[in-house]
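Notes follow the structure.
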Amino acid sequence: MTLAVAEEGKEYIIQRIETDDEELDAFLFSLGCYSGEPITVVSRRRGGCTVSIKDGRYNIDNQLAEAIIV
C-alpha cells in the first residue's frame with residue numbers, strides 16, 4: 329500500500345521508496361524517510377498530505393506519497 333491511501337492518524341512502517349531520482353532519495357533519507365522507519369499521515373489536503381517522521385512534520389504532494397510504500 330502507498331502512503332497516498334494510508335489511513336490518517338495510524339502509524340505505518342516504511343517498506344521501501346520507489347523513485348527513479350537519486351537526489352530525491354537522498355533528500356528523503358535526510359528527512360528520516362527510509363525503510364524500517366515509522367511514518368504517520370497527520371492530515372490530508374487535496375494536493376497531498378502532512379506526515380510525521382521522527383520529530384518533524386512535512387508536507388508532501390500526492391506524487392511523492394505514491395512513491396512511499398508502507
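This note's numbering numbers the first residue of the sequence shown as 329 and each following residue consecutively. Glycine residues also receive a C-beta, built at the ideal position from the N, C-alpha and C atoms. Just so it is clear, the structure is predicted and the values come from calculations on it, not from any experiment.
Give a yes or no on whether the C-beta atoms belonging to residue i and residue j are separated by under 8 angstroms.
i           : j             : result
glycine 360 : lysine 338    : no
serine 363  : arginine 344  : yes
serine 371  : glutamate 335 : no
By DSSP, does residue i sit in helix, in strand, or in coil?
i             : result
valine 333    : helix
serine 363    : coil
glutamate 346 : coil
aspartate 383 : coil
Excluding the 5 residues flanking residue i on each side, which residues of the same chain have their C-beta closer than 7 angstroms to its C-beta?
i              : result
isoleucine 388 : Gly376, Cys377 and Val379
alanine 393    : Thr330, Leu331, Ala332, Gly376 and Cys377
aspartate 353  : Ile345 and Thr347
alanine 395    : Ile345, Glu346 and Thr347
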